[in-house]
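Engineer: Heads up: the sequence lines are chains A and B, in that order. My numbering applies: residue 4 is where the first sequence begins, and numbers increase by one. My numbering applies: residue 4 is where the second sequence begins, and numbers increase by one. Positions of the beta carbon are idealized from the N, C-alpha and C atoms, including for glycine. The following block contains the structure, expressed as structure tokens.
2 protein chains.
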Amino acid sequence: MQIRKQNDFDELVLDSLFATDGPSGTVDDVLAWVRHRNQEVIVRINRKPFSELKGWGFDATSGNLGHESGRFFSIDAIRVFKDDGKCQTWTQPIINQPEIGILGIVTKVIDGVLCFLLQAKIEPGNVNNVQLSPTLQATRSNYSQVHKGKKPRYLELFFNAKRSQIVLDQLQSEQGGRFLRKRNRNIILNLDEEVPSHEDFQWLTLGQIKALMAYDNVVNMDTRTVISGLPYHSFLSGLSTYDFNGYMRQHDVSQRGRDLFASEIAQAGRHSIESILFWLSELKSKYELVVDRIPLRDIQDWQIRENEIVHNDRRFFRVIGVEAVIESREVKSWCQPLLQPMQEGLCAFIVKGINGVYHFLIQAKIESGNFDVVEMAPTVQCITGGYKERLDYNVHYLDYLLSGDFKSVWLDSKQSEEGGRFYREQNRYLVVEASDDFSEDLPQNYIWMTLGQVKEFLQFNNFLNIQARSLIAALDYQ
Amino acid sequence: MQIRKQNDFDELVLDSLFATDGPSGTVDDVLAWVRHRNQEVIVRINRKPFSELKGWGFDATSGNLGHESGRFFSIDAIRVFKDDGKCQTWTQPIINQPEIGILGIVTKVIDGVLCFLLQAKIEPGNVNNVQLSPTLQATRSNYSQVHKGKKPRYLELFFNAKRSQIVLDQLQSEQGGRFLRKRNRNIILNLDEEVPSHEDFQWLTLGQIKALMAYDNVVNMDTRTVISGLPYHSFLSGLSTYDFNGYMRQHDVSQRGRDLFASEIAQAGRHSIESILFWLSELKSKYELVVDRIPLRDIQDWQIRENEIVHNDRRFFRVIGVEAVIESREVKSWCQPLLQPMQEGLCAFIVKGINGVYHFLIQAKIESGNFDVVEMAPTVQCITGGYKERLDYNVHYLDYLLSGDFKSVWLDSKQSEEGGRFYREQNRYLVVEASDDFSEDLPQNYIWMTLGQVKEFLQFNNFLNIQARSLIAALDYQ
């Protein structure tokens, strides 16, 4: 195994994790700023029939819903054959956005603390208009046409980044059930140089970002996925037990926080990395997922109506057309399709101490847009169903989660999915510690992993799905 | 990082690596056995026009060439858009075999040495009829229908394997330029129980298998990919320097062998695993690969003729139809398409000592059937071109390899590709140690990696392509 040469940066990340105040004040100050930005802006979302969606239309041959420029994204369709024990086949609309998006955060040490430059960004689908997004959200076209026309703010910092400034660079998946094999490049830069300020942007500590995830819908999905990959491992695992304890006392870390850090640097878990890889190989071989793109006009069990594309049973999600009118310093308006979920979802990790080390209960889950059949998902992920009504659901551990019978609740908040594609989608994100009598024996597509193992898989890209990464990002160590 | 709990098995693997004699005698004895099997069998391969290929036909709609049962594989076509600096687009035939194949080797300790059960197997495309293949080559259908009809020998050992018997379980890719995202499950079992013998099978030590790879076309591609993943790491890295040196002396390992082992357990390389992952993320984001399946009848620049599917310039490969007649103890005959390469290829690693540690020069290569845009390939991989004539080639390091100006040559033999799909394809496999003045500065899509790093990526599946794995499998430590 390779020793990371990043001790120094890891230590900065950890110190930032413990900093609750930063250049933008306290967590409350940041929250007030976001709320203020929210009040300042008026967002009107007007439903439009597809025929009035300026710039968008159904392709004459395929019936796919796309933009006349061929850019942005399109609503296509897929036929799915899934065999995860029971064979199922269906067709569904899917967002096709083949370009790899770039989600980038600039960091910089300010007054001795590593800070992350986040934007108060308006997205048409956000329940509350403005959320904290990465420094940069760009597409490959933005990126490669850096010298032409209007370009996103701070793009040139990423475009001109030296290799030594890149402290994270991962390719990670988006929602497998909604996007066709979409991936984003998650980049974090660490800069020494002066970074020009802008009123839409603020410098936050990692501790502040974590604290804000305890609130509903403040930190957007893109920020969550980027920070989920941050390492602390190499610094902590380089400490002796004595120094580790000293470090924890110095930062006033709770017993739970210590145990969580200990799970991140544990030398042994219930299973080795190798066994976990074997488990995945077995499932990927055993399960089958065949996804073929089909013309949207050939979709079955869905209706393409004047103002929505909807399942016959009005389940899962529907595609709607909207005109977004944003009034802040200037007035902007444009039209686009959005996906609207038909219910609120639930994403939850169950955690349990096993042999004195916290283990996360990971689910291997097939989703139709997955890059590689199965990704590691939260213990429970009910996005498409209506988990509260338990609509024809037979989901492992859902009853347990709804029972409320835990040792403790580590996280329980609502988080939004990408507001540029999804209309007012918020899901409940939950992390609970199971009581001691929770069975350690699991169904075949579930496994226990330490936090260190989760992070190692995260580093190798495309193993953990976006919901799992969101939950990991929200873990709080205080 | 996770400590593997496999020390004991790793030590067995290493001991087997040093064993040149085994239950089947010496390397010469095994070679004589394979040659004898080769003489015993008569293989006649009769070219047939596609119209006379029993059981096979062109689909009325797509024109794809498939079997009437819908099983085995089919010859489909793809349209490729590739942007790795220069944009290229083309169509080509491709083998579509969506099932994950199973390549399994049974191992067992015999007289204190770990032995691998290999089969002398006839494949219609082999240049020399019989080569040493894994204990089992099966498809998912074979596997799931284990209780029905005729089944491959030893299948039930894999089907009934307990988790504790599985010592390797990886999903790895096949030729990206020929197969559409095909993968195999590579499994090794370690059994205590009696394994019934059969005249087509022999027990070989790992040292013998390695020694046989110095000969042309003895060890088949499937065996090479399975053994490429074998670990020795956890045993060796657990030794003190004193014990390491003692172990090497005890087994009479050459200085080069020691240095190679040292490269496998090196704590630091020229780049960290994390930097290598960043490098890959960057290339995967920068490069673009769009592959769409198209009907074979829509293929361009290729001719679908009575008895071949061939490129207008007669380059790359052609698809032919054959009737295979195998006469050994019984006479079997069947028809199938095969791919015939239009030239011999070259796959080569350049290795260099950097800061006292051997590093392999890895190429990030786009191939049309790749699972994830780019895979790690040998320094030079010229399969499709005719490297000897340097047909419109502009390949980094090809001139260097053809110059013969090395410090030493570690491997130079011809190895066959899968004889069940490819007609008499053999490529030259070469590993050379570069002289000290070989530049350590590389073009952007090349990187230096220690052997330990190569093996770590191998463990995480789908990072190293099959040609790279073949070369790693052939590394000899004596």
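Can you find at least 3 beta carbon pairs, one from the stretch 221-229 of chain B and one from the stretch 465-473 of chain B, that sit closer than 8 Å?
Structural biologist: Touching, per the Cβ criterion.
Engineer: Compare the C-alpha of E420 of chain B against each of B:T244, B:L349 and B:S19 and name the closest.
Structural biologist: Mapped onto the second sequence, residue 420 of chain B falls at position 417. Minimum Cα distance to E420 of chain B is reached at B:L349.
Engineer: Mapping the DSSP letters down to three states, classify M345 of chain A as helix, strand or coil.
Structural biologist: Counting from 1 along the first sequence, the entry for residue 345 of chain A is found at position 342. Coil, per DSSP.
Engineer: Starting from K213 of chain B and walking both ways along the alpha helix (DSSP H), at which residues does that stretch end?
Structural biologist: The residue you call residue 213 of chain B lines up with position 210 of the second sequence. Its alpha helix (DSSP H) spans residues L209 to L215.
Engineer: Within the present structure, is the beta-carbon of A217 of chain A separated from the nearest heavy atom of the ligand GDP by less than 7 Å?
Structural biologist: Among the ligands in the structure shown, none appear at all, so the ligand GDP cannot be discussed.
Engineer: Assuming the contact rule is C-beta atoms closer than 8 Å, I113 of chain A and P199 of chain A should be a hit. Round their C-beta distance to whole Å, please.
Structural biologist: Position 110 of the first sequence, counted from the first residue, corresponds to residue 113 of chain A. Position 196 of the first sequence, counted from the first residue, corresponds to residue 199 of chain A. The pair is not a contact, with the Cβ atoms about 14 Å apart (cut-off 8 Å).
Engineer: Would you mind working out which of B:V116, B:T94, B:D32 and B:L342 sits nearest N310 of chain B, comparing C-alpha positions?
Structural biologist: Along the second sequence, one-based indexing puts residue 310 of chain B at 307. Considering only alpha carbons, the answer is B:L342.
Engineer: Out of B:P344, B:S336 and B:L405, which one is the CA nearest neighbour of V322 of chain B?
Structural biologist: Within the second sequence, residue 322 of chain B is the residue found at index 319, counting from 1. Closest by alpha carbon: B:P344.
Engineer: Using a 10 Å radius around the Cβ and a threshold of 16 neighbouring Cβ atoms, would you call Y245 of chain B buried or exposed?
Structural biologist: On the second sequence, residue 245 of chain B is found 242 positions in, with the first residue counted as 1. Exposed, because fewer than 16 other Cβ atoms sit within 10 Å of the Cβ of Y245 of chain B.
Engineer: Throw me the rounded Cβ distance for the F75 of chain B and I98 of chain B pair, which I believe falls under 8 Å.
Structural biologist: Residue numbering aside, residue 75 of chain B sits at position 72 when the second sequence is read from its first letter. Residue numbering aside, residue 98 of chain B sits at position 95 when the second sequence is read from its first letter. F75 of chain B to I98 of chain B, Cβ: 10 Å. No contact.
Engineer: Applying the criterion that 16 or more other CB atoms from any shown protein chain within 10 Å of the CB defines a buried residue, is D262 of chain A buried or exposed?
Structural biologist: Counting from 1 along the first sequence, the entry for residue 262 of chain A is found at position 259. With 16 or more Cβ atoms within 10 Å of its Cβ, D262 of chain A is classed as buried.
Engineer: Can you tell me the Cα-Cα spacing of Y250 of chain A and S336 of chain A, whole angstroms?
Structural biologist: Translated into the one-based positions of the first sequence, residue 250 of chain A becomes position 247. Translated into the one-based positions of the first sequence, residue 336 of chain A becomes position 333. Roughly 51 Å separates the two Cα atoms.
Engineer: Please name the residue in B:H201, B:Q346 and B:L192 whose C-alpha comes closest to that of L233 of chain B.
Structural biologist: For the purposes of this step, residue 233 of chain B is identified with residue 230 of the second sequence, where counting begins at 1. If we check each option's Cα against that of L233 of chain B, B:L192 comes out closest.
Engineer: Within 10 angstroms of its Cβ, does H236 of chain A collect 16 or more other Cβ (buried), or is it exposed?
Structural biologist: Here residue 236 of chain A refers to the residue found at position 233 of the first sequence. Label assigned to H236 of chain A: buried.
Engineer: Closer than 7 Å, Cβ to Cβ, to anything on chain A: give me those residues from the stretch 166-194 of chain B, in chain order.
Structural biologist: Of all residues in the stretch 166-194 of chain B, I169, D172, Q173, L174 and R188 have a Cβ within less than 7 Å of some Cβ in chain A.
Engineer: Assuming contact is defined by CB atoms lying nearer than 8 Å, are R181 of chain A and I103 of chain A in contact in what I supplied?
Structural biologist: Looking up residue 181 of chain A in the first sequence gives position 178. Looking up residue 103 of chain A in the first sequence gives position 100. Taking 8 Å as the Cβ cut-off, R181 of chain A and I103 of chain A do not qualify as a contacting pair.
Engineer: Can you tell me the Cα-Cα spacing of Y480 of chain A and L183 of chain B, whole angstroms?
Structural biologist: Your numbering for residue 480 of chain A matches position 477 in the first sequence. Your numbering for residue 183 of chain B matches position 180 in the second sequence. Those two C-alpha atoms are separated by around 45 Å.
Engineer: Can you pull the chain B residues whose beta carbon is under 7 Å from the beta carbon of E285 of chain A, in chain order?
Structural biologist: As a working mapping, residue 285 of chain A is identified with position 282 in the first sequence. In chain order: D172.
Engineer: For a contact meaning CB atoms closer than 7 Å, what does V294 of chain A contact in chain B?
Structural biologist: Taking the first sequence and counting its residues from 1, the one referred to as residue 294 of chain A is at position 291. Result: empty, since nearest Cβ-Cβ is about 11 Å, beyond 7 Å.
Engineer: Which value, in whole angstroms, describes the spacing of the CA atoms of V398 of chain B and E370 of chain B?
Structural biologist: The sequence position of residue 398 of chain B within the second sequence is 395, counting from 1. The sequence position of residue 370 of chain B within the second sequence is 367, counting from 1. Roughly 15 Å separates the two Cα atoms.
Engineer: Look at A327 of chain B and V46 of chain B and say whether their C-beta atoms are less than 8 Å apart.
Structural biologist: As a working note, residue 327 of chain B is residue 324 in the second sequence. As a working note, residue 46 of chain B is residue 43 in the second sequence. It is a contact, given that the beta carbons lie within the stated cut-off.
Engineer: Give me the residue from A:L209, A:T110 and A:D172 with the minimum Cα distance to D195 of chain A.
Structural biologist: Translated into the one-based positions of the first sequence, residue 195 of chain A becomes position 192. The residue with the shortest Cα to Cα distance from D195 of chain A is A:T110.
Engineer: Sorted by chain position, which residues of the same chain lie with C-beta nearer than 6 Å to G272 of chain A's C-beta, five sequence neighbours on each side aside?
Structural biologist: Position 269 of the first sequence, counted from the start, is the residue given in the question as residue 272 of chain A. Closer than 6 Å at the Cβ level, and outside the excluded window around G272 of chain A, lie T453 and Q456.
Engineer: DSSP state of D255 of chain B, grouped into three classes?
Structural biologist: As a first step, residue 255 of chain B is located in the second sequence; it is residue number 252 there, counting from the start. D255 of chain B falls in the coil class under three-state DSSP.
Engineer: Within 8 Å of any Cβ in chain B, is that where the Cβ of I103 of chain A sits?
Structural biologist: Indexing the first sequence from 1 puts residue 103 of chain A at position 100. Chain B, which has a Cβ nearer than 8 Å to the Cβ of I103 of chain A, makes this yes.
Engineer: From what residue to what residue does the alpha helix (DSSP H) around R227 of chain A run?
Structural biologist: Residue 227 of chain A sits at position 224 when you count from the first residue of the first sequence. M224 to S231 is the span of the alpha helix (DSSP H), which, as asked, contains R227 of chain A.
Engineer: Got a sec: is the Cβ-Cβ distance from H150 of chain B to anything in chain A below 8 Å?
Structural biologist: In the second sequence, the residue the question calls residue 150 of chain B occupies position 147. For H150 of chain B, the pLDDT reaches just 49, beneath the cut-off of 50, and the residue's location in the model is therefore unreliable, although a value from the coordinates is still provided. So, not an interface residue.
Engineer: Which chain B residues are close to S1 of chain A, counting only those with a beta carbon under 8 Å from its beta carbon?
Structural biologist: For residue 1 of chain A there is no data in the structure shown, the boundaries of chain A being 4 and 481.
Engineer: The alpha helix (DSSP H) with D479 of chain A in it runs from where to where?
Structural biologist: Indexing the first sequence from 1 puts residue 479 of chain A at position 476. Note, D479 of chain A: premise wrong, no alpha helix (DSSP H); not H, not E.
Engineer: Rounded to the nearest angstrom, what separates I307 of chain A and F320 of chain A at their Cα positions?
Structural biologist: One-based indexing of the first sequence puts residue 307 of chain A at position 304. One-based indexing of the first sequence puts residue 320 of chain A at position 317. The straight-line gap from Cα to Cα measures roughly 13 Å.
Engineer: With a floor of 4 residues, list each alpha helix (DSSP H) that falls wholly inside the stretch 138-201 of chain A, ordered by position along the chain.
Structural biologist: Whole alpha helix (DSSP H) segments, 4+ residues: 143-147 and 158-162.
Engineer: Can you give me, in chain order, the residues of the stretch 272-284 of chain B that have a beta carbon less than 9 Å from any beta carbon in chain A?
Structural biologist: So the list reads G272, H274, S275, I276, E277, S278, I279, L280, F281, W282, L283 and S284, given in the order they occur along the chain.
Engineer: Let me see if you follow: with CB-CB separation under 8 Å, is T463 of chain B close to chain A or not?
Structural biologist: Position 460 of the second sequence holds residue 463 of chain B. A small fix is needed here, since residue 463 of chain B is Phe in this sequence, not Thr. Cβ-Cβ to chain A under 8 Å: yes for F463 of chain B.
Engineer: I'd like the list of long-range same chain contacts for P340 of chain A, defined as Cβ closer than 8 Å, with 5 residues on each side in sequence excluded.
Structural biologist: Taking the first residue of the first sequence as 1, we reach residue 340 of chain A at position 337. The residues are F53, L56, W59, L68, I78, V322, I323, G324 and V325.
Engineer: Counting only runs of 3+ residues fully inside the stretch 415-480 of chain A, write out the beta strand (DSSP E) ranges in chain order.
Structural biologist: For the stretch 415-480 of chain A, whole beta strand (DSSP E) runs of length 3 or above, ordered along the chain, are 429-436 and 449-453.
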